[in-house]
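Enquirer: Residue numbers (my numbering), protein chains in the order written: chain A, 17 to 237; chain B, 6 to 829; chain C, 4 to 344.
Note that beta-carbon positions come from the ideal geometry of N, C-alpha and C, so glycine has one too.
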Amino acid sequence: MASQPGGRAQTHLACVVNGDPVDITCAGYKTLLEVLREDLGLTGTKHGCELGECGACAVLVDGEPVLSCLALAVECSGRAITTVEGLTRDGRLDPLQEAFADLGAAQCGYCTPGILLTARALLDRVERPTRDDIREALSGNLCRCTGYQQIFEAVESACGHAQPTLRRAQRGPEPVEGPRTSACGSREAPEGSEAEPSRRARAHGGGAPCAVNNAGRGDHA
Amino acid sequence: MPEGRVIGIPRRRVDGRAKVTGQTRFADDLAFPRMAYCRLLRSPHPHARIVRIDTTRAAEHPGVLLVLTGDDFPIPYGILPVSQDEHALCRDKVRFVGDPVAAVVARDELAAIEAVDLIEVEYERLRTIADPIESLEHPEPRIHEYGDEGNIHKKVSLAFGDVEQALGEADQVFEDTFFYQGNTHLPIEQHAAVGLKDPDGKLVLYSSTQTPHYVHRALAKALEMPAAHIRVVATPNGGGFGGKSDPFNHEVVVAKAALLLDRPVKISLTREEVFYCHRGRHPVLMKFRTGVKKDGTITGVHLQTLLDGGAYGSYGVASTFYTGALQTVTYHIPAYHFQGCRAFTNKPPCGPKRGHGTPQSRFGQEVQLDKIADALSLDPADLRLRIVEHPDTLTANYLRVGTIGLAECINRVTVAANWKARFRKLPRGRGLGLACSSYLSGAGLPIYWNDMPHSGVQLKLDRSGGVTAFCGATEIGQGSDDVLVGCIAEILGIDPFDIRAVTGDTDLTPVDLGSYSSRVTLMMGNAAIQAAERARDILAQAVSRKLDVPAARLVFADRRVFDAEDPARGVSFQDAVCLAETAFGTLGTTGSYTPPKSAAKFKGGGVGPSPTYSYTAAIVEVDVDETTGWVTVPRVWIAHDIGRALNPTLVRGQVEGSVYMGLGEALMEEQAFRRLPARLSSALVHKFPSLLEYKSPTSLDMPEVFTELVENPDPAGPFGAKEVGQGPLLPIMPALANAVYDAVGVRIDEVPITPDKIVKALDAAREGKPARYGPASFPTVPWPEPLQVPPPWAGGDGHATNEPPRKSRRAARTADQPETVVRT
Amino acid sequence: MMRLPEFRYCAARSIEEAAAVLAESPADTMLLAGGTDVLPNMKRRQQVPRTVVGLRGIPALGAQHNGNGLVLGAGVTLTHIVRDPNIRAHYPGLWQAAAQIATPHLRNMGTIGGNLCLDTRCTYYDQNYEWRKAIDFCLKKDGAVCWVATSSPRCLAVSSTDTAPALIALRARVRLVSANSVREVDVTDLYQNDGIQYSVRRADEILTEIALPPSDGWRSTYWKLRRRGSFDFPVLSVAGAVRLDPSGGVTDARIVLGAVASRPMEAREAASTLVGRPLSDEAIAEAAEQAFAVAKPMDNTDFTLHWRKRVSRAFVTYALRELRGDDMRDERVKTARQAMG
């Protein structure tokens, strides 16, 4: 089966990925996983076995979760594919993404894209899934970090179960706000720009100031 | 406990957004122009001499750029200075099925796969050693030409007091043998690495490693290059659990290939290869002899362990010591004799997996305590409360223990599970089991001897108001970036998202020893606090001058620096930085952390010391079908002494993840091997190196977990925090075994606890035999003369009384840790 | 990363077209439906076909007809079966079998035809090329010895399809189409007890549809033993179907064991034991004992073979009790991790 690399049999793939039309030529032996990651640069889709035994490579094809490692790229022509990169819409994270980030549902983050897409398909099909529904829907996605519990809670939170999400201040910057900027050297804090300083903040303990002009210096305790 | 604004509050982790958008760049996500792909040819034989390698056909295969063999890698390396026994590619011998023999680099991965099959290797097969009993019986042929003797890698014997006398003083002596099967980490991310030359011609290696510093050292050695010309970048790991803590063959190979080809070279291991990298849980056979008084107090413990090390040293010497190190940290043991032995076998090397060396003997000790409680008609929770080690103690083996929240953990889980009303009172087939544990918050000693800090943090602050934190620590999913940033944000009074973390990069970040031994939160956290406090002091001095307020009265909070007595009087954090930059010039601070000196002065005392220890208690509920032995776990209660939860969301995730992994080990996970009939084949293969047949529990298999955090800040920890990544795994396996006993009255003295074993034990009980399943005996091991170390209460000073005079450290290192042990 | 070998891909638009391509060179051509069995095997180089014929684009294979019974195109996905309320109500055994296959993702991809054609499995065979090289291969592929039982003259790879036992209990038939022939066979006759030649389907034939007789008062069930709640193939399964007279007496019964041989094994004596009497505990125990004798698991899957054999009694009991009308949700939740109700 030796053949000239680059001279390998090529195939043509025309489909829609995350809403964008894609029309490419790629090696004929490739699965959707390889094309997404290697030909389209969409590395958000992961892989843990390439044999259909872990669920890390799950993407949505025409809205249904499938394993991209077992889908021939050539068989995806004409289909609509959604990867984790396509979950974010209009600069906003999907509610599932917000909940996963807030509630500890992503630890190492490697199984996360596959789980997010699988959960998205579930919520698109069932508005208010039960814990058992969620367990079953995610039973094709192995997670080695979380023990799944915070994942279940995040899915429940994203579809409006009574699970508190974090205050925005604990979430980090929102794209619409951007970091607050003020010119260096401005003499006063912007009027009313800050909340009442917290009383329970700890006071600075003093000690000798040490200016370090070169951050590269080791300074051992 | 003082409440923080960042510390102690459940928060989105700083890298949360990257992880949920798929933007976290794992090693295999990296791509570079002209990147080539590497594949390794691995040995199909468990033990064989390499007679001849012919790479001609492979080299001629279309697309192939380079073929490498052991001749290209003359210098050995290994994680421990005492076991420098690995070569990137085997030179004259292969030691297990999967040992790498040759490498092909090609323009595409398929071409490399095709070419690997064209390499012809002639082998001369050698006798295969399948388990430690065979290692003891067959000193020849030696798998390695070093080690304590024959196929024994390491033997240890440490006597802290006169155990035989202590057992003689006991009302009853319990003797039990246990077997703990090996298992593996199974991170969902398979190891990957990319080597390349940077524009200056220096080597860069991106790798899914937990220990970039050690990889850095190994590359410098194996490639004979100045470390200063090598940059190792640890990409965020898609799970590690200890499995990415060694320098690996494939890392050295792609580094060398990139240098030779002057183009980026990537390797992305298959799942099967990850099983061959292994470094997972050692299979351990163990025997406990424990003397107790009628009230359950322990008079002495004699522990023997026999570890199946696999084919290389890895962390194995440390693993051996760890099987005996932490018993005394959990319970008060006045006299203790530990004997450990690690054998070489022709299987993938074992090493550190979550709990490193301690879960095996923890299982034995906790199951034996359950038997003791049963025999003495004591409640197992009461028994443990009676023998919990005392806080601020120096143990028999000279481990300095600080705060101990174990009693509180036991109380919390017994209340939560309604233990008193339910234990031994549930209908047959249902049961509860309790077990406890302790674990290090970072190893007190580095892997190679040095007195430098274990963790360093640098801060850069500038007029933008932005803060950048640099640290060598590695994000493996546990949240180390979040700990780093959280500690700094708390002290500087800014939001964690105002800080950028740059981590795990040997060019850019100060050394941190890596994400292993649950050391990062404590060590990096303390270094981060020091760096942040120094920065705060500089800013405070500048703001103090500006506002005419004493520096000691200034508060850093809500992105402001203000007068504690008049909060309206203050400046923004950014203005504070500008004032300081104006006053003092470019701003930067450093912090570092070095653990306190160990009290143990005897040889081997380097394994076990830690700045502080975490504690855990767990109760597992089971349902056991008496006909089939099928075990169902509906609920687990767990309480963990965390000291202080820096980010409770992440802490809970670590606890529940540990419960998950513990249940996998307890019920189904096995790194098992298959030997074919000897008359037909010499094969010794991993039984099922796949994600399908290595059974990792799914979302449907996970029970409900009720987690309680016991917070009693420890002075050694950052804001009082202790570890959480490993300790909570430890009690799960014995708690489950104890629950099975409560349910159906049989002892499964072996992990994993599978239904066939339960059925066998039930059959045995019906036939009037001992109602147990487990190993019958412990083999005879040629133990060395024990090092006699009198415990602190017997007038000891941490030295052994019969140890030959220690040479100077430098001389000792030369003797104990030769840089090159194996010459092949 | 595991990579497929190179192959020629041919997207068939009709059964005739697919059959014609297949006829060109049946020995080195493979049919691809859901891909969940063929592609892993190709990645492990268990099969290295020169040509792959994609069946996805054939509308007839995705069709379903309800009439006198039920006709399913072979390309109907397992998810489709799981979501079909009609199948769930009338053929609960098929529904339970389909619902326990692999994972939701694999059921979205995998087809009923593919599950019936599933390659037999074995821990010595379902391994990467490099691993199989380390044991010098095996009888099923490239080797001379069956490592499961080295004296065995035939391959002992195990039948691991979930739907076949269920469909045999329901007396379903399949249609096999080649370029020049069409035939129908009972699902039970589709298989033979040989790990290599496990199916009578010839290399040039396409399994195109499955026909189930009217449910007609038949109660059916499927019990699956495996380590985890998902992913795993069966290491033992029991499909059962009974018809009861108004007084509760059994008028007809079928018991089929899966994953205990290279083909699904019908426990005919066990089933006939039940006929003419109510599903009493005694009758169930007798049938379970007779089915136990049929179960001959080998050491080539997860779990020990002795234990798998032993558990067959319990699983036959569960199945018959569920057919009797007992509430078996507790046992289901424990063994399947789901109520399956």
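1. Looking at Arg284 (chain B): is its Cβ nearer than 7 Å to the Cβ of Gly248 (chain B)?
2. Between B:Leu404, B:Pro51, B:Gln365 and B:Lys299, which lies nearest to Ala379 (chain B) when the distance is taken from Cα to Cα?
3. How would you label His68 (chain C), buried or exposed, when you count the other beta carbons within 10 angstroms and need 16 or more for buried?
4. Would Asn89 (chain C) count as contacting chain A if we go by Cβ distances under 7 Å?
5. Can you pull the chain A residues whose beta carbon is under 7 Å from the beta carbon of Asn242 (chain B), in chain order?
6. What does Ser155 (chain A) reach in chain B if we use C-beta pairs closer than 8 Å?
7. Terminal residues of the continuous beta strand (DSSP E) containing Thr637 (chain B)?
8. To which residues does DSSP link Leu460 (chain B) through a beta bridge?
9. Mind checking Ala298 (chain C): buried by the 16 CB within 10 Å criterion, or exposed?
10. Here's the rule: buried if 16 or more other CB atoms are within 10 angstroms of the residue's CB, otherwise exposed. What is Thr61 (chain B)?
11. Just the C-alpha distance for Arg184 (chain A) and Asp235 (chain C), rounded to the nearest angstrom, thanks.
12. Counting pairs of beta carbons, one from the stretch 349-361 of chain B and one from the stretch 720-731 of chain B, are three or more of them closer than 8 Å?
13. Which residues, in order along the stretch 89-110 of chain A, keep a beta-carbon less than 8 Å from a beta-carbon of chain B?
14. Specify the secondary structure class of Gly57 (chain C) as computed by DSSP and reduced to three states.
15. Which residues in chain C sit within 7 Å of Thr632 (chain B), going by Cβ to Cβ distance?
16. Starting from Ala290 (chain C) and walking both ways along the alpha helix (DSSP H), at which residues does that stretch end?
17. Against Ser154 (chain C), what residues of chain B qualify as contacts under a CB-to-CB distance less than 7 Å, listed in chain order?
18. Would you list, in sequence order, the uninterrupted alpha helix (DSSP H) runs of no fewer than 4 residues that lie entirely inside the stretch 199-240 of chain B?
19. Taking the beta carbon of Leu685 (chain B) as the centre, do at least 16 other beta carbons fall within 10 Å, making it buried, or is it exposed?
20. Cβ of Thr1 (chain C) less than 7 Å from any chain B Cβ?
21. Give the single residue among A:Val75, A:Asp106 and A:Asp36 whose Cα lies nearest to the Cα of Glu50 (chain A).
22. Who does Pro105 (chain B) pair with in a DSSP beta bridge?
23. Which of helix, strand or coil does DSSP assign to Asp235 (chain A)?
24. Under a Cβ-count criterion, where at least 16 other Cβ atoms within 10 Å of its own Cβ denotes burial, should Glu91 (chain B) be classed as buried or exposed?
25. Which word fits Pro810 (chain B), buried or exposed, when buried means at least 16 other C-beta atoms lie within 10 angstroms of its C-beta?
26. Helix, strand or coil: how does DSSP classify Ile452 (chain B) here?
27. Quick check: the stretch 267-275 of chain B against the stretch 539-552 of chain B, are at least 3 beta-carbon pairs closer than 8 Å?
28. Would Cys31 (chain A) pass as a contact of Arg95 (chain A) if the rule is Cβ separation under 7 Å?
29. Do Ala77 (chain C) and Thr211 (chain C) come within 7 Å of each other at the CB atom, strictly closer than that value?
30. Quick test of your reading: Ala167 (chain C) and Pro267 (chain C), contact by CB under 8 Å. State the CB separation rounded to the nearest angstrom.
31. Starting from Asn69 (chain C), follow the beta strand (DSSP E) in both directions and report where the run begins and ends.
32. So, for Cys95 (chain B): in the same chain, excluding its five sequence neighbours on each side, which residues have a beta-carbon less than 6 Å away from its beta-carbon?
33. Counting pairs of Cβ atoms below 8 Å between the stretch 390-405 of chain B and the stretch 694-703 of chain B, do you hit three or more?
34. Pull up the distance between the alpha-carbon of Gly35 (chain A) and that of Gly102 (chain A), whole angstroms please.
35. Given that Thr27 (chain A) touches chain C, what residues does it touch there, using C-beta distances under 8 Å?
36. Between Ile504 (chain B) and Gly315 (chain B), what straight-line distance do the alpha-carbon atoms span, to the nearest angstrom?
Expert: In this structure, then:
1. Yes; because the gap between Cβ atoms is below 7 Å, this pair is in contact.
2. Ala is not the amino acid found at residue 379 (chain B); the sequence shown has Asp there. Relative to the Cα of Asp379 (chain B), the nearest Cα in the group B:Leu404, B:Pro51, B:Gln365 and B:Lys299 belongs to B:Lys299.
3. Counting Cβ neighbours within 10 Å, His68 (chain C) comes out exposed, since fewer than 16 surround it.
4. Not one chain A Cβ lies under 7 Å of Asn89 (chain C).
5. By Cβ distance, chain A contributes Cys124.
6. Here the neighbours are Thr703, Ser704 and Leu705.
7. It spans Val636 to Asp646 - the beta strand (DSSP E) in which Thr637 (chain B) sits, taken as one unbroken run.
8. Contrary to the premise, residue 460 (chain B) reads as Ser rather than Leu in this sequence. Note: Ser460 (chain B) sits in a beta bridge opposite B:Asp517 and B:Tyr598.
9. Label assigned to Ala298 (chain C): buried.
10. Counting Cβ neighbours within 10 Å, Thr61 (chain B) comes out exposed, since fewer than 16 surround it.
11. Residue placement at Arg184 (chain A) is poorly supported in this model, since its pLDDT is 43, which falls under 50; the coordinates are not used for a value here.
12. Three or more Cβ pairs drawn from the stretch 349-361 of chain B and the stretch 720-731 of chain B lie within less than 8 Å of each other, which places the two stretches in contact.
13. Only Thr99, Val100, Glu101, Leu103, Thr104 and Leu109 from the stretch 89-110 of chain A bring a Cβ to less than 8 Å from some Cβ of chain B.
14. Of the three classes helix, strand and coil, the one that applies to Gly57 (chain C) here is strand, per DSSP.
15. Taking the beta carbon of Thr632 (chain B) as reference, the chain C residues within 7 Å of it are Ala317, listed in sequence order.
16. For Ala290 (chain C), the enclosing alpha helix (DSSP H) begins and ends at Asp284 to Val297.
17. Residues of chain B passing the Cβ test: none, with the nearest at roughly 10 Å.
18. Entirely contained in the stretch 199-240 of chain B, the alpha helix (DSSP H) runs reaching 4 residues are, in chain order, 217-227.
19. Here Leu685 (chain B) is exposed, its C-beta having fewer than 16 other C-beta atoms within 10 Å.
20. Outside the shown range of chain C (4 to 344) lies residue 1 (chain C), about which nothing can therefore be said.
21. Nearest neighbour of Glu50 (chain A) by Cα position, chosen from A:Val75, A:Asp106 and A:Asp36, turns out to be A:Val75.
22. Per DSSP, B:Arg47.
23. Here Asp235 (chain A) scores only 36 on pLDDT, less than 50, and its place in the model should not be relied on; the value that follows carries that caveat. Reduced to three states, the DSSP call for Asp235 (chain A) is coil.
24. It is buried - the Cβ of Glu91 (chain B) has at least 16 other Cβ atoms within 10 Å.
25. Result: exposed.
26. In the structure shown, Ile452 (chain B) adopts coil according to DSSP, grouped into three states.
27. For the pair of segments examined, the stretch 539-552 of chain B was found not to touch the stretch 267-275 of chain B: the number of CB pairs separated by less than 8 Å stays below three.
28. In this structure, Arg95 (chain A) lies closer than 7 Å to Cys31 (chain A) by Cβ.
29. Cβ atoms of Thr211 (chain C) and Ala77 (chain C): closer than 7 Å.
30. Taking the Cβ atoms as the reference, Ala167 (chain C) lies roughly 5 Å from Pro267 (chain C), within the contact range of under 8 Å.
31. Looking at the DSSP string, the run of the beta strand (DSSP E) that includes Asn69 (chain C) is Gln67 to Gly70.
32. Within the same chain, Cβ atoms closer than 6 Å to the Cβ of Cys95 (chain B) are found at Gly75, Asp104 and Val106, the five residues on either side in sequence being excluded.
33. Contact fails: fewer than three Cβ-Cβ distances are below 8 Å.
34. Gly35 (chain A) and Gly102 (chain A): Cα-Cα distance of roughly 8 Å.
35. Neighbours of Thr27 (chain A) across chain C, judged by C-beta separation under 8 Å: Tyr12.
36. Rounded to whole angstroms, Ile504 (chain B) to Gly315 (chain B) spans 44 Å at the Cα level.
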